[in-house]
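Engineer: First, the structure itself, so that you have it in front of you.
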Amino acid sequence: MALVHTILTVLCEHPASGYDISKQFEKTVSCYWKASQQQIYRELGKMEEKGWVSFELVPQAGKPDKKIYAITEAGQQELHRWYPEPTEPAPLREDLLVKVLGGAHMPNDSLIHELQRRRHMHQAQLSAYQEMEAHYQSYPNPPVQEQYRYLTLRRGLRYEQDWIAWCDEVLTFLKQGMSEDPSAESPES
278 MALVHTILTV
288 LCEHPASGYD
298 ISKQFEKTVS
308 CYWKASQQQI
318 YRELGKMEEK
328 GWVSFELVPQ
338 AGKPDKKIYA
348 ITEAGQQELH
358 RWYPEPTEPA
368 PLREDLLVKV
378 LGGAHMPNDS
388 LIHELQRRRH
398 MHQAQLSAYQ
408 EMEAHYQSYP
418 NPPVQEQYRY
428 LTLRRGLRYE
438 QDWIAWCDEV
448 LTFLKQGMSE
458 DPSAESPES
């Protein structure tokens, strides 16, 4: 999936400035897509050149005019072209997994500290997602768009829960001293 398709999907809801799109990312797609304001503005420029978005200048007192972007018919067509394409899982590149892989050759204290730090980070994100979930659940009959948004939030919740469970599993392993003898034969030997 390209950033452009994420932006087009966000603009399907309503026109927005680049800043508003980045805030929308933080509120809705941050559990599966990260993008800086600079990346968003750069993509909006490319999308405008392709005719996928247009913008209206809105004057602001004492500030530069604000560009409000809207998806065009060509942008809708691009989204419809992309939507039926098969999706592939994103490749996993995770430094922490490399550190765990090398754990038999390194001091456990460093790895334990890093796992605790990461667990804390995932717990904080899970708490934020749980607050968002409580907000969604406060509506007895949310609009269809909100129901789809909630489904993506559920994936974010599960992602964070899985990370926490895995960190706990590795921490338990390390604290039980199961990895103290790096000279023990590996299962492949």
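Basically this note's numbering = 1-based index in the sequence shown + 277. Note that beta-carbon positions come from the ideal geometry of N, C-alpha and C, so glycine has one too. On a predicted model such as this, the values are computed, not experimentally measured, just so you know.
#1: Whose C-beta lies closer than 8 Å to the C-beta of Arg396 among residues of the same chain, with five residues either side of it excluded?
#2: Tell whether a beta-carbon distance below 9 Å holds between Pro292 and Glu333.
#3: Please report the straight-line C-alpha distance between Arg432 and Phe450, rounded to a whole angstrom.
#4: How long is the line joining the alpha carbons of His282 and Leu356, rounded to whole angstroms?
#5: For Gln301, count neighbouring Cβ atoms within 10 angstroms of its own Cβ and tell me buried if that reaches 16, exposed if not.
#6: Can you grab the Cα-Cα spacing for the pair Leu285 / Ile348, in whole Å?
#7: In this structure, what does DSSP give as the bridge partners for Glu333?
Structural biologist: Considering the structure as presented:
#1: Counting from 1 along the sequence shown, the entry for residue 396 is found at position 119. Contacts found: Trp440, Ile441, Cys444, Asp445 and Leu448.
#2: As a working mapping, residue 292 is identified with position 15 in the sequence shown. As a working mapping, residue 333 is identified with position 56 in the sequence shown. Yes, they are a contact pair.
#3: The sequence position of residue 432 within the sequence shown is 155, counting from 1. The sequence position of residue 450 within the sequence shown is 173, counting from 1. The alpha-carbon of Arg432 is positioned some 27 Å away from that of Phe450.
#4: The sequence position of residue 282 within the sequence shown is 5, counting from 1. The sequence position of residue 356 within the sequence shown is 79, counting from 1. Approximately 6 Å between the Cα atoms of the pair.
#5: Position 24 of the sequence shown, counting from 1, holds the residue named residue 301. Classification for Gln301: buried.
#6: The residue given as residue 285 occupies position 8 in the sequence shown. The residue given as residue 348 occupies position 71 in the sequence shown. Inter-residue distance for Leu285 and Ile348 is about 6 Å (C-alpha atoms, whole angstroms).
#7: For the purposes of this step, residue 333 is taken as the residue at position 56 of the sequence shown. Answer by DSSP bridge pairing, in chain order: Ile345.
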